[in-house]
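A.B. asks: When you line the sequence shown up against my numbering, it's residues 4 to 102, in that order. The structure's right below; bear with me while I get my questions together.
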Amino acid sequence: MESINLISLLDETGGISDSLNHKEKKYAVFFTDIVGAATKVYPIPISKTDVDCIKNGCKGRIETLLKGMRDEIQWSCTICHHKGKISNWNGTRWDFISS
Ligand SMILES: [Zn+2]
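Rendered as structure tokens:
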């Protein structure tokens, strides 16, 4: 399971870093969409989001799991089971718990 540190994709203003290449940016947007969707419904732990799976050709949507305010956000595709974890999302502009 891939685990990413959201802060590593951001610049000093808290936005998605311009130094990322096209593919990395696409993933950064994907991850921030997931953080927004998961934190919007918190403290409900499971969110069936509107975020499309990032795998080419997959028509699945992303489901998230967030049990505690300081936990990693776990995500998985409902169809292809592509999945991962996101850490260090707390306090970013996509964190609807802190805002
Ligand atoms: Zn998928």
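Built from N, CA and C at the ideal position, the CB exists for glycine as well.
I'd like the list of long-range same chain contacts for Ser101, defined as Cβ closer than 7 Å, with 5 residues on each side in sequence excluded.
C.D. replies: Asn93 and Gly94
A.B. asks: Can the beta-carbon of Ile82 be found closer than 7 Å to that of Cys61?
C.D. replies: yes
A.B. asks: For Thr16, count neighbouring Cβ atoms within 10 angstroms of its own Cβ and tell me buried if that reaches 16, exposed if not.
C.D. replies: exposed
A.B. asks: Over the uninterrupted alpha helix (DSSP H) stretch that includes Gly63, give me the two end residues.
C.D. replies: No alpha helix (DSSP H) contains Gly63, which DSSP labels as neither H nor E.
A.B. asks: Does the segment 42 to 49 touch the segment 17 to 29, meaning 3 or more C-beta pairs lie closer than 8 Å?
C.D. replies: no
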